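Residue numbers (this note's numbering): 2 to 152.
Glycine included, each C-beta is placed from N, C-alpha and C at the ideal position.
Bear in mind the structure is a predicted one, so any value in this text is a computation, not a measurement.
One structure is given below, encoded as structure tokens.
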Amino acid sequence: MQLPAGSRVTAAKLDAYENTTNVWQPYTPVWTASTTNPALNNGTLVGAYRQVGKTVDVRIILTLGGSTAVGAGLYLLSLPVAPVIGGLLGAHCVGPSGVRWAGTAALIAASATGSNMRISVGADGASVGATVPFTWASGHQLILAGTYEAV
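See the structure below:
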């Protein structure tokens with residue numbers, strides 16, 4: 002927050018500023034793949050973020066539906082605000098019988114749909130795609146959350 006010279010910050014002004022910066026904003030992530038893009042159809046993809054200065058908190062939940070087409074290749078998800086390249090977010094996949102695979106989402110270069118994350122999970126760090134870490138089906142989820150630095 003930058004104030005004009007000679008201004009005073011009162012408790013009320015500071016509270017008003019904090020209330021505007023702490024509000025989570027919804028956004029719709031774009032889900033793509035390196036070979037054939039998936040189609041969400043009756044699945045859900047929701048995102049939310051909040052930004053204070055160059056600090057961005059983000060959360061994304063992708064839940065596959067019965068008619069979701071998983072596409073082919075490595076999955077990418079767009080971010081709400083362009084990141085400094087090279088950061089990481091926490092990620093995990095929820096698959097068959099609720100089994101979870103923990104991993105990271107690497108912040109990679111901008112693309113035609115905006116800045117993206119490439120998601121890797123499991124002990125081998127395999128990139129998430131249509132068949133990794135499992136064959137995706139209805140009810141499976143990809144969940145990402147974390148904090149990153151905006152450009």
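C-beta atoms of residue i and residue j nearer than 8 Å
{"i": "A106", "j": "L90", "result": "yes"}
{"i": "I62", "j": "L78", "result": "no"}
{"i": "V71", "j": "W137", "result": "yes"}
{"i": "T132", "j": "G74", "result": "no"}
{"i": "A92", "j": "V122", "result": "yes"}
{"i": "V10", "j": "P84", "result": "no"}
{"i": "A13", "j": "Y76", "result": "no"}
{"i": "S139", "j": "G88", "result": "no"}
Alpha carbon of residue i to alpha carbon of residue j, nearest angstrom
{"i": "E150", "j": "L143", "result": "22 Å"}
{"i": "H141", "j": "R51", "result": "26 Å"}
{"i": "L65", "j": "N23", "result": "30 Å"}
{"i": "I109", "j": "N42", "result": "26 Å"}
{"i": "T29", "j": "R101", "result": "24 Å"}
{"i": "P39", "j": "N117", "result": "15 Å"}
{"i": "I86", "j": "R119", "result": "12 Å"}
{"i": "P134", "j": "P5", "result": "53 Å"}
{"i": "P27", "j": "T69", "result": "22 Å"}
{"i": "L154", "j": "W25", "result": "A query on residue 154 cannot be resolved here, the shown segment of the chain reaching from 2 to 152 and no further."}
{"i": "A147", "j": "G130", "result": "It should be pointed out that residue 147 corresponds to Gly in this sequence rather than to Ala. Each residue's alpha carbon lies about 21 Å from the other."}
Exposed unless 16 or more other CB atoms sit within 10 angstroms - verdict on residue i
{"i": "S8", "result": "exposed"}
{"i": "P81", "result": "buried"}
Short CB-CB distance (under 8 Å) between residue i and chain C
{"i": "D58", "result": "Going by chain labels, chain C is absent from the structure shown, which holds only one protein chain."}
Would the stretch 126–133 and the stretch 46–62 be scored as touching if the rule is three or more Cβ pairs under 8 Å? In short, these stretches do not touch, since the Cβ pair count stays below three.
For the 8 Å Cβ check, are there 3 or more pairs between the stretch 94–101 and the stretch 51–59? No: the two stretches stay apart, fewer than three of their Cβ pairs being nearer than 8 Å.
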